[in-house]
Amino acid sequence: MINLKVIRKSMGLTQKELAQKLGIADSTLAHYETGIRKVTLEMFLKILEVCNYKIKIEEKH
C-alpha cells in the first residue's frame, strides 16, 4: 500500500502544494491521506506521475 502522506512529506511538500500540482483542493488531498475519500484510478496515476513514482506490474502465470 502506498502512503500518500509519507510520499508527500518525503518530497518536502505541504498538502496545499501537492494539491496544486494535482489540480485538486487541499481538502480533497487531506481526505485521500486520511482514507475518508478513495482515490480513483485516474487520480492514482496522476499522483504517481506528479510524485515521479514508477510501478512494476508483473504478470501471474
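For what it's worth, our numbering labels the leading residue of the sequence shown as 1, then goes sequentially.
Each residue gets a CB set at the ideal place from its N, CA and C atoms; glycine is no exception.
As the structure is a computational prediction, the values presented were derived from the model and not from experiment.
Looking at chain D, is there any beta carbon in it that lies within less than 8 Å of the beta carbon of residue 19?
Judged by its chain identifiers, the structure shown contains no chain D, having just a single protein chain.
So, under 8 Å CB-CB, residue 50 and residue 22 are touching, yes? Tell me the CB distance rounded to an integer number of Å.
6 Å
Helix, strand or coil at residue 17 according to DSSP, with G and I counted as helix
helix
How many Å lie between residue 33 and residue 5 at the Cα?
So the two alpha carbons sit approximately 6 Å from each other.
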